[in-house]
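One structure is given below, encoded as C-alpha cells.
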Amino acid sequence: MHIDVTIAKTTPLPSGAVEALAGELSRRIQHAYPDVPTEVQVRLATSNQLSVLGGAKEDKTRISEILQETWESADDWFSAE
Numbered sequence: 121m122h123i124d125v126t127i128a129k130t131t132p133l134p135s136g137a138v139e140a141l142a143g144e145l146s147r148r149i150q151h152a153y154p155d156v157p158t159e160v161q162v163r164l165a166t167s168n169q170l171s172v173l174g175g176a177k178e179d180k181t182r183i184s185e186i187l188q189e190t191w192e193s194a195d196d197w198f199s200a201e
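For the sequence shown, the numbering used here begins at 121 and goes up steadily by one.
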C-alpha cells in the first residue's frame, strides 16, 4: 500500500516536522497493518491531501483516522530540537 500525504506549503511547521511526521505515521500504519507492506511519503505541496493506493476504501478511511490522530498528538512524539 502506498500512502502519500501532502501538506500545504502555507502551513507553518517547525524544522524537521515533515520527516518526523512521515516516520511516526509510518510506524502507526505498520502497527495497524502489520502484514501489509506500506510506503509512506509526506511532502509539502499546494494543498492538504491524502492518497492511498493499493488499499480498499475502508483502508483509506482508517489511514485518514490514523493521520488525524498522529497530527493531533504531535506534542507527544515531535521534538523540534
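Beta carbons: idealized from backbone N, C-alpha and C, even for Gly.
In whole angstroms, what separates the C-alpha of residue i from that of residue j?
i: TRP197; j: ILE149; result: 15 angstroms
i: ASP179; j: VAL172; result: 8 angstroms
i: ALA176; j: HIS122; result: 12 angstroms
Using only CA atoms, which one of the options lies nearest to residue i?
i: ASP195; options: SER146, LEU173, ALA140; result: ALA140
i: TRP191; options: THR158, GLY143, SER171, ASP155; result: GLY143
i: SER167; options: ILE123, ILE186, THR130, PRO157; result: THR130
i: LEU164; options: VAL138, LYS180, PRO134, SER193; result: VAL138
i: GLN188; options: ASP155, GLN169, HIS122; result: GLN169
In the structure shown, what three-state DSSP assignment does residue i receive?
i: VAL156; result: coil
My parser needs the alpha helix (DSSP H) runs of 4 or more residues fully inside the segment 124-179; what are they? As far as the segment 124-179 is concerned, its whole alpha helix (DSSP H) runs of at least 4 residues are 137-152.
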